[in-house]
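Residue numbers (this note's numbering): 216 to 616.
Below is one structure; the comments refer to it alone.
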């Protein structure tokens with residue numbers, strides 16, 4: 216049984232940890248000046264954070280089904296603290312790149328917390344609980360940009376990463392005090408068997424494959440926007456600094472607050488409705504950003520709609536996959552979130568390239584292209600009932616999307 220305090224501890228923990236991946240985004244222009252590199256080359260840092268996160272999910276998140284989660288989280292938080300200190304101490308661009316990749320690979324604690332929350336919640340409230348925890352995660356991601364923008368402007372980008380390291384130490388203590396121990400769902404399996412079962416999950420579950428694709432495309436579009444926003448606002452007609460860039464994260468947090476409502480609606484009506492709504496909202500946001508992104512009003516509206524769409528799709532995808540195979544929730548998370556952050560890494564890379572060559576309109580077109588792919592698949596697969604999932608254990612038929 217999950218208590219309200221546990222839910223909020225997990226939500227705050229997800230937000231603080233996930234924020235590590237995004238502190239650098241409002242600071243990219245500042246960091247590019249410091250290391251004397253181009254915007255396109257500095258965009259690689261965001262890509263490396265996302266790619267490292269994907270590798271960390273592959274290597275470490277499945278362990279949540281094999282070992283005690285609280286201890287695993289504390290070990291990873293300790294290593295994340297060291298990686299953040301290495302980022303802050305970077306004497307060169309190459310050092311920064313390696314340290315950022317390592318930090319991304321280690322800061323995967325949210326993907327251990329979310330399936331844990333889903334596992335101890337009652338099925339009738341799973342969507343709501345996942346929504347609250349996801350609100351914490353996405354608000355952390357968005358507010359991270361606001362905080363880092365101001366800290367970067369008034370203290371510096373190195374100081375921002377040192378503050379993040381101190382927050383990780385505090386989170387280690389909070390997890391020890393307020394989260395319960397967990398019993399491994401696949402405690403009798405070997406690590407090799409656990410990893411091999413990922414193949415069975417992917418092959419045997421169309422619902423998982425579909426949600427992984429939707430998540431990848433949504434987060435790819437999201438990353439296109441946030442990777443290029445700092446450069447867009449630094450140039451004409453705005454010429455703003457990192458502090459103003461960071462404020463857009465705070466604006467976007469308004470959309471993230473809708474996650475519990477999205478989860479409740481998905482509990483009642485099914486996740487397909489809210490996945491489709493999320494994709495449409497995200498695509499509409501890029502249309503608005505392309506047309507009106509030269510004004511502050513246009514950017515504000517675009518940010519709110521984009522973050523609301525991302526929340527709708529992401530919470531609904533996770534609610535959907537956590538109903539597939541309870542004993543494999545960490546592995547389901549691994550598959551889904553690897554795709555999600557692969558999409559994010561691809562979005563950061565293509566967004567930086569599009570910005571360098573085609574400017575703001577090119578970046579908006581790139582983000583929209585990700586969403587067109589997702590909507591095409593969403594329409595093509597329809598609402599049919601998927602086949603059974605495959606893995607270490609047999610499961611009942613998957614719920615309809």
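All residues carry an ideal CB built from backbone N, CA and C; glycine is no exception.
Here residue 447 has 453, 508, 570, 575, 578 as same chain residues with Cβ atoms under 8 Å from its own Cβ, once five neighbours each way along the sequence are excluded.
No residue range can be given for residue 455, since it is assigned to no alpha helix (DSSP H) and is classified by DSSP as neither H nor E. Taking C-alpha positions only, residue 373 is separated from residue 364 by approximately 12 Å. One thing to note: residue 324 has its Cβ no nearer than 8 Å to the Cβ of residue 230. With fewer than three CB-CB distances shorter than 8 Å, the stretch 551-564 does not count as touching the stretch 506-525. With a 10 Å radius around the Cβ and a threshold of 16 neighbouring Cβ atoms, residue 241 comes out buried. Residues of the same chain with a CB within less than 8 Å of the CB of residue 369, apart from the 5 flanking positions on each side, are 458 in chain order. Residue 399 has its alpha-carbon roughly 51 Å from the corresponding atom of residue 506. Residue state for residue 551 is assigned as helix, using DSSP reduced to three classes. Looking at the backbone, the Cα of residue 386 and that of residue 292 are separated by about 8 Å. Comparing alpha carbon positions, the residue from 435, 445, 462 closest to residue 587 is 435. The beta carbon of residue 305 sits closer than 7 Å to those of 311, 314, all from its chain and outside the five residues before and after it, given in chain order. Put simply, the backbone Cα of residue 277 is about 21 Å away from that of residue 391. Judged by DSSP in its simplified three-state form, residue 597 adopts coil rather than helix or strand. Nearest in C-alpha terms to residue 409, of all of 327, 427, 279, 462, is 279. By the neighbour-count definition (other C-beta atoms within 10 Å, threshold 16), residue 261 is a buried residue. One alpha carbon belongs to residue 250, the other to residue 594, and they sit about 45 Å apart. Note on geometry: alpha-carbon atoms of residue 302 and residue 366 lie some 16 Å from one another. In the DSSP assignment, residue 283 falls outside any alpha helix (DSSP H), carrying neither H nor E. With respect to residue 285, residue 397 sits close: the two C-beta atoms are nearer than 8 Å. Residue 235 carries a helical assignment under DSSP once its states are collapsed to helix, strand and coil. The three-state secondary structure of residue 370, taken from DSSP, is coil. Runs of the alpha helix (DSSP H) spanning 4 or more residues and lying entirely within the stretch 467-530 occur at 474-484, 486-507, in chain order. In this structure, 432 is the residue among 463, 432, 442, 480 with its C-alpha nearest to the C-alpha of residue 584.
Contact check for residue 445 against residue 352 fails: the beta carbons are separated by 8 Å or more. Looking only at 245, 478, 460, the smallest Cα-Cα distance to residue 359 is reached by 460.
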